[in-house]
Amino acid sequence: MALATYASCVTTEWLRPTENGAQRCWWPGDDEQYIQYHDTEWGRPVTDDTQLFEKLCLEGFQAGLSWLTILRKRENFRTAFHSFDMDEVARFSERDINRLLEDAGIVRHRGKIEATINNAGRALDLIDETGSLSEYIWGYAPDVPFGRDGESSHASGVASISPSATALSKDLKKRGWKFVGPTTVYSFMQSMGLVDDHVDGCLVRSACETARQSVIASRK
Numbered sequence: 003m004a005l006a007t008y009a010s011c012v013t014t015e016w017l018r019p020t021e022n023g024a025q026r027c028w029w030p031g032d033d034e035q036y037i038q039y040h041d042t043e044w045g046r047p048v049t050d051d052t053q054l055f056e057k058l059c060l061e062g063f064q065a066g067l068s069w070l071t072i073l074r075k076r077e078n079f080r081t082a083f084h085s086f087d088m089d090e091v092a093r094f095s096e097r098d099i100n101r102l103l104e105d106a107g108i109v110r111h112r113g114k115i116e117a118t119i120n121n122a123g124r125a126l127d128l129i130d131e132t133g134s135l136s137e138y139i140w141g142y143a144p145d146v147p148f149g150r151d152g153e154s155s156h157a158s159g160v161a162s163i164s165p166s167a168t169a170l171s172k173d174l175k176k177r178g179w180k181f182v183g184p185t186t187v188y189s190f191m192q193s194m195g196l197v198d199d200h201v202d203g204c205l206v207r208s209a210c211e212t213a214r215q216s217v218i219a220s221r222k
């Protein structure tokens, strides 16, 4: 979308007023859990390895579903996957897979479960190579703010792909990761604050971008 039309678009279609007169991105709707997630988590930079691994796994489970479905099951996922401890998950056996397939509190999809176990091992390999999952992943964060370099292709902040996500997805696949297509990876980058896709005018957009730039600056 051309930058010349950006401001007019975001002020009419993709912001919703809050009770105190501020505005937030439209997509949480009226769901209180979703609103809380938007206001306190989505787009806020995360550098903790376990949290990054968890979110990348959950984005894989989301494939074909809504994020709200996964969000409502997130605590069940954490229990089922031992708080996404990479060392523990990498050691899951066929017995664990069968246990998970019987757990109604999560998404019971064998391919996604097996991908999570596989990806735990691949994450440990990356940590051995680069020192941390965070160091590797944040190397793909674009320097410039939202809407300035084509990283986000839609003014609503719900773009589904970007050049950096495509590059990260390609490298993860080369390293043996599964369920990490470009769309899944871009959604992960949005939620973990590697890009700031809160709509211009959203009540948390400025804070998220400031925090994102701080993380990027700390790596230089």
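Residues in the sequence shown are numbered from 3 upward in steps of one, following my numbering.
The beta-carbon is built from N, C-alpha and C at its ideal position, and this holds for glycine as well.
If you're wondering where the values come from, they're calculated on a predicted model, not measured in any experiment.
{"Query": "Proximity below 8 Å, CB of Asp-51 to CB of Ser-162", "Result": "no"}
{"Query": "CB contact flag (Val-182, Gly-45, <8 Å)", "Result": "no"}
{"Query": "Whole-number beta carbon distance between Asn-121 and Trp-179, since they are thought to touch under 8 Å", "Result": "5 Å"}
{"Query": "Run of the alpha helix (DSSP H) containing Cys-59, from where it starts to where it stops", "Result": "51-64"}
{"Query": "Touching by the beta-carbon criterion (3+ pairs, under 8 Å), the stretch 21-32 and the stretch 162-177", "Result": "no"}
{"Query": "Cβ pair Ile-129, Phe-94 closer than 8 Å", "Result": "no"}
{"Query": "Where Leu-67 sits in the DSSP three-state scheme", "Result": "coil"}
{"Query": "Given Leu-196 as reference, the closest of Leu-126, Tyr-36 and Glu-43 once Cα atoms are compared", "Result": "Glu-43"}
{"Query": "Three-state secondary structure (DSSP) of Cys-204", "Result": "coil"}
{"Query": "Boundaries of the alpha helix (DSSP H) in which Arg-76 is found, first to last residue", "Result": "76-82"}
{"Query": "Through-space distance from Met-191 to Val-217, alpha-carbon basis", "Result": "14 Å"}
{"Query": "Limits of the beta strand (DSSP E) - the one that Leu-17 falls within", "Result": "17-19"}
{"Query": "Enclosing beta strand (DSSP E) for Arg-26 [first to last residue]", "Result": "25-27"}
{"Query": "Inter-residue spacing [alpha-carbon to alpha-carbon] between Gln-215 and Ser-166", "Result": "16 Å"}
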